[in-house]
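Here is the structure we will look at.
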Amino acid sequence: MSSSLLPTYARAKLAFERGEGAWLISTAGERFLDFGAGIAVSSLGHNHPHLVKALTAQARKLWHVSNLFEIPQAELLGRRLAEASFADFVFFTNSGTEAIEGAIKTARKYHFVSGHPEKFRIVTMQGAFHGRTLAAVTAGGNPKYLEGFGPKLEGFDQVPFADLAALRAAIGPQTGAILIEAIQGEGGIRAIPLAHLKAIRQLCDEHGLLLILDEVQTGMGRTGKLFAYEHAGITPDIMALAKGLGGGFPLGAFLVTAEAGKGMSVGTHGTTFGGNPLATSAGNAVLDVILGDGFLGHVAAMGKRLKQGLIELKDRNPGLIAEIRGEGLLLGIAARVPVQDFVAAALAEKLVLIPAADNVARLLPPLIVGEAEVDEALRRLEATAARVAGKALSHERVAE
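In my numbering, the protein residues as written are -17 to 382.
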C-alpha cells in the first residue's frame, strides 16, 4: 500500500512500537540500541517512569487552554529555566525552528525600540542548521534547503565556520546580532573553539550586538553541562531550546535577558499551542531528572567513556574513520566511507545512528544511558566497521 504522507523523507523500512530506556523494539519484535534518541530528543530515553507519570497525571486533568489564561505549569518551567540559566524571561514554542524565529524577531525588535531600526542584519556561520522555516533556512544558508522556495529572506550574512577574522569583517552598521551553534549538530558535530566563543561574546559587547545561541541540539544536558555555553564561561543574550526539553513531547523555548527582550510587549509575538499544560508538564518532569544530583556528572562520564572507546575504534580502523568529534553525549564519527553506508551497516547491527553533514555519523544516546549500553554500542560499532570494511573489500574484488 502506498503512503499518503508527503514524500519529503527517505524513511528506512523499519518501524518501532515501544521503547525501554536506551532500547527500541520494532514491530517485528527486534531490539535496537538507540544511539539516535529521535535526533537528540528522547533525553530520558523511552518509557521513563517519571516522565510517564507526569504526563499521565496531567493528561487526566487538562491538555490545553491557550495563552489567554495563566498556565501554572508554564510559569513553573519558565521560572526554573530562568533560574538555571542567564535568562530573565522565557517564551515557549512547539519546536526548535519556532524558537529560532522568535529569537530573530526578538533581536530585531530590540534594536528597533532602541532607536536603531536599521540594525536588523544577523551574522551566521556556514554549515549551520537552524530549522526549516524560511527565516531559519536562510539563516542556515544551505542551498539544498533554499532551492525552489523563492527569494531568500533579507538580513543574513554568512561567514566561514569558526573564522573570527571573517566574522569581524562582516559586522557593519546594519548588523544587530550574531547567531551561532556552539557545536554544529546537523553540520557534522563541528565545535567552535571555546576561545572563539569568548571572542565572539566580546565582539558583540564591543559593537552593541546581541549574541543568539542555538542550543536546540546542544542544550538540556547533551554536552555534559545543562547548556553548552557554560563550557566557554560566557552567556548569550538570547538562546533557543527544543529537542531534549520535552523528552519526546513537542516543546521548544527561547530565553532572553530583560534587556534583550525589552521590545517584546503584548501582541508582538504569540503561539496557539506553545507552553500548554501538557507540554510544560513534560518539560518540568525532564528538568526534575536533569537537575537531579549527579545527573549531569553521569552524562559527562558516559560521554568520556564513549568518546575514548570511539577514539580506540578509530585507531583500529584508520581506513574507515577519519576523526572523532564532539562533547558529552553529542559525538560524531567522521567516516572515510559514505556516511549512509556506515549508518546502514550500524542499523544492520541493531544500532541506531543519525547521519549528518560533512560525512559524519552522529551518536546521540539518551542521557540516561549506562556503562553496559555504552560498551555494547562500542561492540556493535566494531562489528559495523568490520561489515563496512568487508563490503568495501568485496567491491574492490568485483572491480578487479
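Glycine included, every Cβ here is placed at the ideal spot set by N, Cα and C.
Predicted model only: the values in this text are computed from it and were never measured.
Discussion item. Please identify the residue among E136, F143 and H189 whose C-alpha is closest to the C-alpha of I153.
Written reply: Answer by Cα proximity: H189.
Worksheet item: Which two residues bound the contiguous beta strand (DSSP E) that contains G234?
Response: Segment G234 to V238, the beta strand (DSSP E) holding G234.
Worksheet entry | V141, enclosing beta strand (DSSP E) - first and last residue | F138 to V141 is the span of the beta strand (DSSP E), which, as asked, contains V141.
Worksheet item: Where do the ends of the alpha helix (DSSP H) carrying S247 lie?
Response: In the DSSP assignment, S247 falls outside any alpha helix (DSSP H), carrying neither H nor E.
Discussion item. I'd like the span of the beta strand (DSSP E) that includes L59, first residue to last.
Written reply: Per DSSP, L59 is not a residue of any beta strand (DSSP E); the alpha helix (DSSP H) it occupies stretches across P54 to E65.
Worksheet item: Between which two residues does the beta strand (DSSP E) harbouring G314 extend?
Response: According to the DSSP assignment, G314 belongs to the beta strand (DSSP E) that extends over L312 to A317.
Worksheet item: What are the start and end residues of the beta strand (DSSP E) that includes E188?
Response: Note, E188: premise wrong, no beta strand (DSSP E); alpha helix (DSSP H) at L176 to H189.
Worksheet item: Exposed or buried, which one is T106 when buried takes at least 16 other CB atoms within 10 Å?
Response: It is buried - the Cβ of T106 has at least 16 other Cβ atoms within 10 Å.
Fill in: Closest residue to E80 among L237, E168, F(-2) and R103 (Cα-Cα distance)
Residue L237 is the option with its Cα nearest to E80.
Worksheet item: What does a CB cutoff of less than 7 angstroms around A264 pick up in its chain, not counting 5 residues either side in sequence?
Response: Hits under 7 angstroms: L33, A36, L37, G228, G229, F231 and L233.
Worksheet item: If you check the beta carbons only, do L63 and V72 fall under 8 angstroms apart?
Response: Yes, the pair counts as a contact, with Cβ atoms nearer than the cut-off.
Worksheet item: Measuring CA to CA, which of W5, I21 and G11 is closest to P337?
Response: Out of W5, I21 and G11, I21 has the C-alpha closest to the C-alpha of P337.
Worksheet item: Are the Cβ atoms of G310 and L345 separated by less than 8 angstroms?
Response: No, these two residues do not count as a Cβ contact at 8 angstroms.
Practice prompt. Along the beta strand (DSSP E) that carries R13, what are the first and last residues, could you check?
Written response: In this chain, the beta strand (DSSP E) harbouring R13 covers R13 to D16.
Item to complete: Between the Cα of I258 and those of S8, Y(-9) and E52, spot the shortest distance and give me the residue it belongs to.
Response: What sits at residue 258 in the sequence shown is Asn, not Ile. The shortest C-alpha separation from N258 is found at E52.
Worksheet item: Okay, do the segment 126 to 134 and the segment 177 to 189 touch, 3+ Cβ pairs below 8 angstroms being the bar?
Response: No, the segment 126 to 134 is not in contact with the segment 177 to 189.
Discussion item. Please state whether the Cβ-Cβ distance between L333 and L363 is less than 8 angstroms.
Written reply: Judged by their CB atoms, L333 and L363 are nearer to each other than the 8 angstroms cut-off.
Worksheet entry | Same chain, Cβ closer than 8 angstroms to H178, five either side skipped, listed in chain order | Answer for H178: A144 and L146, listed in chain order.
Discussion item. Here's the rule: buried if 16 or more other CB atoms are within 10 angstroms of the residue's CB, otherwise exposed. What is D275?
Written reply: By the 10 Å Cβ count, D275 comes out exposed.
Worksheet item: Can you round the beta-carbon distance between A159 and I82 to whole angstroms, since I take them to be within the 8 angstroms contact cut?
Response: At roughly 12 angstroms, the Cβ-Cβ gap does not stay under 8 angstroms, so A159 and I82 are not in contact.
Worksheet entry | S48 to A151 span [Cα, whole Å] | Answer to the nearest angstrom: the Cα atoms are 45 angstroms apart.
Worksheet item: Between the beta-carbon of L384 and the beta-carbon of T205, is there less than 8 angstroms?
Response: A question about residue 384 goes unanswered here, because the residues of the chain that appear run from -17 up to 382.
Worksheet item: Smallest Cα separation from A371: which of P347, A317 and N341?
Response: Residue A317 is the option with its Cα nearest to A371.
Worksheet item: Taking the Cβ atom as the reference point for each residue, do N76 and G256 lie within a distance shorter than 8 angstroms?
Response: Contact annotation: N76 and G256 have beta-carbon atoms nearer than 8 angstroms.
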